[in-house]
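Below is one structure; the comments refer to it alone.
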Amino acid sequence: KAEPLQMASDVRREIMAFDRNIPVGTFITMEENVASHFALDKLGSLAMMIFALVASVLAAIGIYAVLGAYINQRRREFAIRIALGALPGDVRKQVLWQSARMTLIGSGIGMLLSVALGKMIESALFNLSPFDLRLSVATAVAMAVIAIVSTIVPAHKASNMDTVGALRSE
């Protein structure tokens, strides 16, 4: 079995023998033809993947910032709770629950928007459907992981704060 491009010179010679006025261009394999046809689609998918990664990092930073502000605003309340005998784990659970609640609300809104706007972006997705349940679940799980990871440090800070310093600061 000969390689397709190795036969190019034989094919070119036969075409020239048949009619010298027929222009003969370059030869490419079917795999190269298909790959070049889908190159822009793959590039668009790669760009969307990069944008999704950047959006995920920005979401993590945003969640961290919002929770940092939330803890800073409620610093006195957390200090009073701890001073009155609340366990640091209870404060951590409260911060984690607040984060989970915000994540659930945001994910719900995001899912509704993705269904509503799915037809608009369908042509930009390569081999994906915007209504794919597996993709939606994977996105929700990824956002939950991002929320949990970005909540760990603020929750730890809230549960291990200096109660006396927090109560004296205001």
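Per my numbering, the sequence shown starts with residue 1, numbered consecutively. Where is the CB? At the ideal position from N, CA and C, for every residue including glycine. Only a predicted model underlies this, so the values are computations on that prediction, with no experimental measurement involved.
{"Asked": "Could you tell me whether the segment 105-124 touches the segment 65-81, using the rule of 3 or more Cβ pairs below 8 Å?", "Found": "no"}
{"Asked": "Could you check how far apart the C-beta atoms of S150 and Y64 are, in whole angstroms? I think they sit under 8 Å.", "Found": "4 Å"}
{"Asked": "Mind the definition here: the segment 139-146 touches the segment 68-78 only if three or more C-beta pairs lie below 8 Å; say whether that holds.", "Found": "no"}
{"Asked": "Measuring CB to CB, does Q98 end up less than 8 Å from Y70?", "Found": "yes"}
{"Asked": "Rounded to the nearest angstrom, what separates L67 and I148 at their Cα positions?", "Found": "11 Å"}
{"Asked": "If you reduce the DSSP assignment to three classes, tell me which class M161 lands in.", "Found": "coil"}
{"Asked": "On the criterion of 16 or more Cβ atoms from any shown chain inside 10 Å, does P23 qualify as buried, or is it exposed?", "Found": "exposed"}
{"Asked": "Taking the beta carbon of T103 as the centre, do at least 16 other beta carbons fall within 10 Å, making it buried, or is it exposed?", "Found": "buried"}
{"Asked": "Are the CB atoms of L58 and F27 nearer to each other than 8 Å?", "Found": "no"}
{"Asked": "Taking the alpha-carbon of S56 as reference, which of R168, T139, E14 and V153 has the nearest alpha-carbon?", "Found": "T139"}
{"Asked": "Mapping the DSSP letters down to three states, classify V24 as helix, strand or coil.", "Found": "coil"}
{"Asked": "With respect to the alpha helix (DSSP H) encompassing Q98, which residues constitute its N-terminal and C-terminal limits?", "Found": "P88 to I121"}
{"Asked": "Since A155 and L96 are thought to touch, with beta carbons under 8 Å apart, how far apart are those beta carbons, to the nearest angstrom?", "Found": "6 Å"}
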